[in-house]
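Note sheet for the following structure.
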Amino acid sequence: MLKRVTGKKTIKMQDWMNLHLYSNTSYIDQEYLDVANEIYSTLRALCPAEYKNDLIKDIALMSTAYLEDVVSDFGIWNSFGELNQKKYGRRLPFFDVDEGDYLKDNINLVDVKFIVWYVTQQAHSMQTEDLMNPWGLNINAIAIDIYTIFVDKFEDLPINDCWAYLRDESKKYHQWYPFREMCKAFFYSNYLFIYQSRRAKSELSKSINKGANHRLEYLLVEATTFNVKVGPVDEYVYQWLAKMFDDKKLSSALENMQSRFSNYFQIVDKTEDGYLFIDRDDDSEYMVAQESIILKKWSADEYYFTHLVLFDGKWYLNGALGNSTGKNIEQDIEQRKATRENARINYSTFLEDNGRPIFFFKTFDEVIAFFSKNTDKFDASGCAKEFLEGDYYVVFAHPKIGIAIYPNIALLIKHKENPYYKKSEAERMSLALLCGSIIKDKYLIEYLATNKLLPDARLESIQMRAVNCRKVVQENLLYIAKLFQK
1 MLKRVTGKKT
11 IKMQDWMNLH
21 LYSNTSYIDQ
31 EYLDVANEIY
41 STLRALCPAE
51 YKNDLIKDIA
61 LMSTAYLEDV
71 VSDFGIWNSF
81 GELNQKKYGR
91 RLPFFDVDEG
101 DYLKDNINLV
111 DVKFIVWYVT
121 QQAHSMQTED
131 LMNPWGLNIN
141 AIAIDIYTIF
151 VDKFEDLPIN
161 DCWAYLRDES
171 KKYHQWYPFR
181 EMCKAFFYSN
191 YLFIYQSRRA
201 KSELSKSINK
211 GANHRLEYLL
221 VEATTFNVKV
231 GPVDEYVYQW
241 LAKMFDDKKL
251 SSALENMQSR
261 FSNYFQIVDK
271 TEDGYLFIDR
281 DDDSEYMVAQ
291 ESIILKKWSA
301 DEYYFTHLVL
311 FDGKWYLNGA
321 LGNSTGKNIE
331 QDIEQRKATR
341 ENARINYSTF
351 LEDNGRPIFF
361 FKTFDEVIAF
371 FSKNTDKFDA
381 SGCAKEFLEG
391 DYYVVFAHPK
401 IGIAIYPNIA
411 LLIKHKENPY
421 YKKSEAERMS
431 LALLCGSIIK
441 DKYLIEYLAT
451 NKLLPDARLE
461 SIQMRAVNCR
471 KVVQENLLYI
481 AKLFQK
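Numbering follows this note's numbering, with no gaps: position 10 of the sequence shown is 10.
Listed below in structure tokens is the structure:
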């Protein structure tokens, strides 16, 4: 039964402006703020008690920002659809889109349903690692209420021309520094990025409170814009922007962008083209544009921390350049290289010896016997007691991690070589495995999702009689896996 949520909290203009690239308000912002507050008031009267004020506020803000996006042709929502189509083969996660009925230049109920689910899921994920039902009755009812308001307002709302202006001025963003500032503003103001930008601000605040020096603080602020994947499709800011500008030169520069963060750069040469950086972590080379660096002096023997960005064919220094500290930098570098090389060799050897990257065992003694075929001794001295006393083990090899062993999950994986798979257990627990609440190995989880080895992962809900509980999950396995990777 729905309960009325009490309280008098309303959405302020500053809340609305936090979702915009500009700071000066106008009557346009007031009109959309009025819509957001109407949605907020409506939902407060209808939402169940577990929908707290902050959650209702986020739903109202993000859904209204979507409305403004569509009315004003910002292109943010359409970029999401295109990126998701490219990455996962469907325009929206979880919700089927009928191309005959779906209007890219208009509001769609299915869009609003996804937004309500996404906001609710983000709030839910702060408490527990499991998947909110996208087809739940509350989400559907909330979306219909919002959509009804949208239909009533759509034709009368003003067009916000801020993105039209940015597109008209796109040549300005052919230059690195103007582009960087616009990119940073977009990162912190896009309505689809609010959860990632909030986490980024929180992490930056923690680093500053721990006493990070000013150079490192500045570097972290600048690097975050290009190093954090954002939005419900989990791509970098510049990948979103590449879809939003009609300027072919700028779009090409964005599609080919790269970034590099390291504590182990050395500057080994200066030429007419710039400074030659080598990242000793893997000995890769970067010719960094002179206009992005102010160096009074430098030493080829020193190690530096910084962030580099490839923009329009040139590498630029992004943020501060600081001296790396530590007594054993060379030793740290060699250890990192050795760790990566050992992982690669162990994976290659494992694959060569066994023909596939995944195996299944009932007991730990069987795991030891398996490895003893190819090695003189298996050292289990470092294993925890709970690990050794588990059962139904999975042995998994990957070039990034080498070889990993996990207890208590073989029952959940349907593989032709897995004799321990148990359907009833898989139906109960494989969604939790996919969501990362059992193990945190993203490589194994992505392997299972990509190869469709969790066919019993499904939502449990009495609310989904008209929807296939298994189909909703199975068509979005990789999306769900990525969603829970922090």
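We put the beta carbon where it would ideally sit given N, CA and C, even for glycine.
In this text, all values refer to a predicted model and were calculated from it rather than measured experimentally.
query: Which full runs of the alpha helix (DSSP H) of 4+ residues lie inside the stretch 41-78, going along the chain?
result: DSSP runs (the alpha helix (DSSP H)) wholly in the stretch 41-78: 53-72.
query: Looking at the structure shown, is ILE194 part of a helix, part of a strand, or coil, going by DSSP?
result: For ILE194, the secondary structure class from DSSP, reduced to helix, strand or coil, is helix.
- prompt: How would you label LYS327, buried or exposed, when you count the other beta carbons within 10 angstroms and need 16 or more for buried?
  reply: When all chains shown are included, LYS327 counts as exposed.
query: How many whole angstroms separate the CB atoms of ILE59 and ILE142, which I take to be in contact at a CB cut-off of 8 Å?
result: 7 Å between Cβ atoms; contact.
- prompt: Just the Cα atoms here: how many angstroms apart are ASP494 and TYR102?
  reply: A question about residue 494 goes unanswered here, because the residues of the chain that appear run from 1 up to 486.
message: Would the stretch 215-227 count as touching the stretch 162-179 if we require 3 or more Cβ pairs under 8 Å?
response: no
- prompt: Tell me which same chain residues have a C-beta within less than 7 Å of the C-beta of ASN108, skipping the five on either side of it?
  reply: TYR102
- prompt: When DSSP labels each residue in this structure, what does TRP176 get in the three-state scheme?
  reply: helix
task: Find out if the Cβ-Cβ distance for the pair VAL288, LEU310 is shorter than 8 Å.
output: no
query: Does the beta-carbon distance from TYR66 to TYR191 come in below 8 Å?
result: Taking 8 Å as the Cβ cut-off, TYR66 and TYR191 qualify as a contacting pair.
message: For PHE74, count the other beta carbons within 10 Å of its own beta carbon; 16 or more makes it buried, fewer makes it exposed. Which is it?
response: Buried, since its Cβ has 16 or more Cβ neighbours within 10 Å.
message: Here's a check: name, in chain order, each residue in its chain whose Cβ is nearer than 8 Å to the Cβ of LEU21, leaving out the five neighbours to either side.
response: So the list reads CYS162, LEU166, MET182, ALA185, PHE186 and SER189, once near-sequence residues are dropped.
- prompt: Closest by CA to PHE150, which one among GLN122, THR64, GLN85 and ASN160?
  reply: THR64
task: For THR306, name the three-state secondary structure that DSSP assigns.
output: strand
- prompt: Is LEU226 near SER251, with beta carbons less than 8 Å apart?
  reply: Note on identity: in this sequence residue 226 is Phe, with Leu being the wrong assignment. The Cβ-Cβ distance between PHE226 and SER251 does not fall below 8 Å.
- prompt: LYS243 and LEU83 look like a contact to me (Cβ under 8 Å); what is the Cβ gap, rounded to whole Å?
  reply: 7 Å
Three-state class that DSSP yields for TYR118 in the structure shown: helix
task: Please work out which residues of its chain come closer than 7 Å, Cβ to Cβ, to ILE333, disregarding the five sequence neighbours upstream and downstream, and give them in chain order.
output: TYR264, ARG280 and ASP281
query: Between the Cα of LYS440 and the Cα atoms of GLN30, ILE401, ILE329 and ALA457, which residue gives the shortest distance?
result: ILE401
- prompt: Could you give the distance in angstroms between the alpha-carbon of ASP54 and the alpha-carbon of ASN468?
  reply: 31 Å
query: Is there contact here, the stretch 439-454 with the stretch 396-411, by at least three beta-carbon pairs under 8 Å?
result: Contact between the stretch 439-454 and the stretch 396-411 is present, because at least three Cβ pairs lie under 8 Å.
- prompt: Which partner residues of HIS398 appear in the DSSP bridge assignment?
  reply: GLY402
message: Considering only their Cβ atoms, is the gap separating GLU31 from PRO134 smaller than 8 Å?
response: no
task: Starting from TYR443, follow the alpha helix (DSSP H) in both directions and report where the run begins and ends.
output: 442-450
- prompt: In chain order, what residues of the same chain lie with their CB nearer than 8 Å to the CB of ILE11, ignoring the 5 residues before and after it?
  reply: LEU33, ALA36, ASN37, TYR40, LYS57, ALA60 and LEU61
message: Cutting at 6 Å between CB atoms, please list the residues of its own chain near ILE278, excluding the five before and the five after it.
response: GLN266, VAL268 and GLU285
- prompt: If you draw a straight line from the C-alpha of GLU235 to the C-alpha of THR224, how long is it?
  reply: Distance between the alpha carbons of GLU235 and THR224 is about 13 Å.
query: Roughly how many whole angstroms lie between the Cα atoms of THR349 and ALA338?
result: 16 Å
query: Expressed to the nearest angstrom, what Euclidean distance is found between the alpha-carbon atoms of LEU204 and LYS229?
result: 16 Å
- prompt: Whole-angstrom Cβ separation of TYR275 and GLN290, contact assumed at under 8 Å?
  reply: 7 Å
- prompt: Quick one, are the C-beta atoms of LEU131 and LEU459 less than 8 Å apart?
  reply: Yes. Within cutoff.
task: Tell me where the alpha helix (DSSP H) around LYS248 begins and ends.
output: 248-255 is the extent of the alpha helix (DSSP H) around LYS248.
task: Check whether the Cβ atoms of ASP391 and ASN418 lie closer than 8 Å to each other.
output: no
- prompt: Considering only residues of the same chain and omitting the five flanking positions on each side of GLY231, which have a CB-CB separation below 6 Å?
  reply: LEU192 and PHE193
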